[in-house]
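Right, one structure below, let's go through it.
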Amino acid sequence: MVLLTALPVALLGYISLTSFEMGYAWADREFVGLSNYARLWQGREVEFWPALRLSLFVTAVSVVLKLLLGLSVAVLLHRRPRFEVLATALLIMPMAVNPAIAGLVWKLMLSFDFGIVNAMLLQLAGVKIVWLGKTYALASVLIVLVWMHFPLSALMLAAGLRNIEPEPIEAARLDGCSEWQLFTKIVLPQLAPVILSSSLLQAILAFQTFGPIYTLTDGGPGTATTILPIYVYQTAFNLGSIGLAAAAAVVLVAIIMALSAGMLSLSRKEPA
Amino acid sequence: MTGRTLRDAFAATWLWLVCLFASFPIFYMLVTSFKTRAMLYEPARLLFSPTLDNYRVAIVRYGLHRYIVDSLIVSSLNVAVCIVLGTAAAYGLHKFAFAGKRSLMFSILSARIVPSIALVIPFYILGISLHLLDTYTILVIVFMVFNLPFVVVMMKSFLANLPPDCEEAAMLDGCSRAGALARIVLPQIRGGIFATAVMTFLAAWNEFTYALFLTSTNVKMISTAVVFFKTERGILWGEVSALGVIAVLPVLVLCVITQKYFVKSVA
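Here it is in structure tokens:
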């Protein structure tokens, strides 16, 4: 079972050291050492650094948004609202949708001419926005990412809230603490480990998102939404420079591994 | 107390707004799938006489049933392999102490988060070399990368909750270890195995990246079908929505059935 991942990762590492190109025989590859990495590092592949930077930006912003949205919902769900089961069922619906369809259904809703989002904007504010144009494409990508993954944060945080002891909260309430003080001084510190681990998990998910962006913008317009996974796919399967793409993919794997190592060391500290 | 009721009203409004945000695209897809092409230009119109044309075209002209059958075949085979191997591995990890157990657990966990867009490159090359591209076999094997670790982790947690006494008693009474596993241990975690199988199935059913690059004309997964609905006249939104509904419905039904476990698995 270890072989199942170790073998392809090793092979990926090896491919990144070759000049293998799509359409050539595997036997024709040349061993080129670290030159693929050098090309990426020196910025000779002009799209690599911008893609990496954009990936980090998208990851950071989407994690914060998912966390805020997830936390607000988790807190409200925790107060046992009416129709709690219905609310939960509606909330987790995005988790059931496959990534390609998620991208497409948003592409339909954000369409300039016949998208429902613009139809509503026109009614409410009298404006229409070119959602998938140069200026707003990145915002659209963020909306879709948050939509896809915030329910996971909400569920994890709601579970975290259930595990908090109610007694100190009651005691503080009797002592005259305001609800806001209760939340920031007692609840949040206890929730911190869950917040941290769910954020890391979300960062791991966001950093490797491929499907929804592939169908929503395909990295465009231009390179406005070309994040690292899109760059890897375009280099490998559109340009055919598989060796070079493998080097970029190794960078992607390395960053994901660093994030997950952080997550694992966190989960060890927690008494499970 | 008006401040309090005002705040409660605000809280409830926010909660339901977020619920609307989460569920609206799926309902919108459902509505769009019943619209004729002309009606697409009236996005906000909710009242109209529904048509099943999109479903008919998706099935008759684009062979949607082929996608469903292929997805069912790949996902079911993958579930079967993962459940058998994963349960065995979890039992081994649970029962026997051995060197490197901890690093084994780490590699199992890390397998689940390796980006598919990175691993698709070596799998693509293996697929070329072994002549496995565009076959059921390659997807069944490749999907193990993310599903097998999941089964192991889930099974291990179910096994950890079992009291060891029954199994030991059965073995004292002359049952073999395999016999004790089959007759005593597995029946007790039947519900857990079922829920795990459902979630494994859904992950395979919804997988996109590997399916997109490793298969094309022989094996057609429903998760990648949407890509083929782009024509030179643009995207066929009605048909895409019909396809989306067919792809998402079984998932929603299964999610509702296993909601209890589903919520537990992420917590």
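Chains A and B supply the protein sequences, listed in that same order.
Sequential numbering from 206 applies to the first sequence in this note's numbering.
Sequential numbering from 1310 applies to the second sequence in this note's numbering.
No residue lacks a Cβ here, since even glycine has one placed at the ideal position from N, Cα and C.
Bear in mind that the values here come from a model prediction, so they are computed numbers and not experimental data.
Inset, instruction - Using a Cβ cut-off of 7 angstroms, pull out every chain B residue sitting near A:Trp-311, in sequence order please. - result: Pro-1334, listed in chain order.
Legend entry - Per DSSP, the bridge partner or partners of B:Thr-1526: BP columns for B:Thr-1526 are empty, so no partner.
Inset, instruction - Report the rounded CA-to-CA distance for A:Phe-355 versus B:Leu-1326, giving the unit in angstroms. - result: Near 14 angstroms, if we compare the C-alpha coordinates of B:Leu-1326 and A:Phe-355.
Inset, instruction - May I ask whether a heavy atom of the ligand ADP can be found less than 7 angstroms away from the beta carbon of B:Arg-1365? - result: In terms of ligand content, the structure shown is empty, and the ligand ADP therefore cannot be addressed.
Legend entry - Neighbour flag for B:Met-1310 against chain A, beta carbons, 8 angstroms: The predicted position of B:Met-1310 is uncertain, since its pLDDT is 49 and thus under 50; no value can be drawn from it.
Legend entry - Where B:Ala-1556 sits in the DSSP three-state scheme: In the structure shown, B:Ala-1556 adopts helical secondary structure according to DSSP, grouped into three states.
Legend entry - Three-state class that DSSP yields for B:Gly-1543 in the structure shown: The answer is strand: DSSP assigns B:Gly-1543 an E or B state.
Legend entry - alpha helix (DSSP H) segment containing A:Tyr-242, residue limits: Counting along the chain, A:Tyr-242 sits inside the alpha helix (DSSP H) bounded by residues 240-246.
Legend entry - Span of the alpha helix (DSSP H) around B:Arg-1370: Careful: B:Arg-1370 lies outside any alpha helix (DSSP H) and carries neither H nor E.
Inset, instruction - For A:Asp-233, count neighbouring Cβ atoms within 10 angstroms of its own Cβ and tell me buried if that reaches 16, exposed if not. - result: The Cβ neighbour count for A:Asp-233, taken over all protein chains shown within 10 Å, is under 16; the residue is labelled exposed.
Legend entry - Coarse secondary structure for A:Phe-355, derived from DSSP in three states: In this structure, DSSP gives A:Phe-355 a helical state, which the three-state scheme calls helix.
Legend entry - Euclidean distance between Cα positions of B:Ala-1320 and A:Leu-217: Whole-angstrom Cα-Cα distance: 49 angstroms.
Legend entry - Exposure of A:Met-361, with buried meaning 16 or more beta-carbon neighbours within 10 Å: By the neighbour-count rule (16 or more Cβ atoms within 10 Å), A:Met-361 is buried.
Inset, instruction - Could you have a look at B:Thr-1509 and say whether DSSP puts it in helix, strand or coil? - result: Correct three-state label for B:Thr-1509: helix.
Inset, instruction - Identify the contact partners of A:Pro-213 in chain B, using a Cβ-Cβ distance below 7 angstroms as the criterion. - result: Within 7 angstroms Cβ-Cβ: Leu-1428, Pro-1431 and Phe-1432.
Inset, instruction - Taking A:Pro-277 as part of the alpha helix (DSSP H), name the residues at either end of that continuous run. - result: First, the amino acid is wrong: residue 277 of chain A is Ser here, not Pro. Segment 253-283, the alpha helix (DSSP H) holding A:Ser-277.
Legend entry - Whether B:Leu-1552 touches B:Leu-1511 by CB criterion (8 angstroms): Not closer than 8 angstroms, so no.
Inset, instruction - From the DSSP output, in three-state form, read off B:Thr-1314 for me. - result: Correct three-state label for B:Thr-1314: helix.
Inset, instruction - Give the C-beta separation of A:Ile-369 and A:Gln-328 to the nearest angstrom, bearing in mind that I take them to be a contact with Cβ-Cβ under 8 angstroms. - result: About 43 angstroms; that fails the 8 angstroms criterion.
Legend entry - Local Cβ density within 10 Å of B:Ser-1485, reported as buried at 16 or more and exposed below that: Burial call: exposed.
Legend entry - Through-space distance from B:Gly-1500 to B:Trp-1514, alpha-carbon basis: Rounded to the nearest angstrom, the two C-alpha atoms are 21 angstroms apart.
Inset, instruction - Can you say whether A:Gln-386 is buried or exposed, counting buried as having 16 or more other CB atoms within 10 angstroms of its CB? - result: The Cβ neighbour count for A:Gln-386, taken over all protein chains shown within 10 Å, is under 16; the residue is labelled exposed.
Inset, instruction - Would you list, in chain order, the members of the stretch 374-402 of chain A that have their beta-carbon closer than 8 angstroms to a beta-carbon of chain B? - result: Of all residues in the stretch 374-402 of chain A, none is placed with a Cβ closer than 8 angstroms to any Cβ belonging to chain B.
Legend entry - Contacting residues, own chain, Cβ-Cβ under 6 angstroms from B:Ser-1550 (five flanking each side not counted): Take B:Ser-1550, set aside five residues on each side of it, and the residues of its chain with a beta-carbon closer than 6 angstroms to its own are Met-1338, Thr-1341 and Ser-1342, in chain order.
Legend entry - Residues that DSSP places opposite A:Phe-236 in a beta bridge: Paired residues: A:Thr-223.
Inset, instruction - Count the other CB atoms, across all protein chains shown, that sit within 10 Å of the CB of B:Asn-1527; report buried if there are 16 or more and exposed otherwise. - result: Looking at its Cβ environment, which holds fewer than 16 other Cβ atoms inside 10 Å, B:Asn-1527 is exposed.
Inset, instruction - Report yes or no: is there a C-beta of chain A within less than 8 angstroms of the C-beta of B:Thr-1360? - result: Nearest CB-CB separation between B:Thr-1360 and chain A: not below the 8 angstroms threshold.
Legend entry - Terminal residues of the alpha helix (DSSP H) in which A:Trp-311 lies: Element bounds for A:Trp-311: 304-314.
Inset, instruction - For B:Leu-1561, go through chain A and note every residue whose CB falls closer than 8 angstroms to its CB, in chain order. - result: Against chain A, the beta carbon of B:Leu-1561 has neighbours under 8 angstroms at Met-298 and Ala-301, listed in chain order.
Legend entry - Spatially closest choice to A:Gly-365 from A:Met-314, A:Leu-282, A:Phe-225 and A:Leu-421, by CA coordinates: For A:Gly-365, the nearest C-alpha among the options comes from A:Leu-282.
Legend entry - Given 8 angstroms, three or more beta-carbon pairs between the stretch 416-434 of chain A and the stretch 1376-1388 of chain B: Contact between the stretch 416-434 of chain A and the stretch 1376-1388 of chain B is absent, because fewer than three Cβ pairs lie under 8 angstroms.
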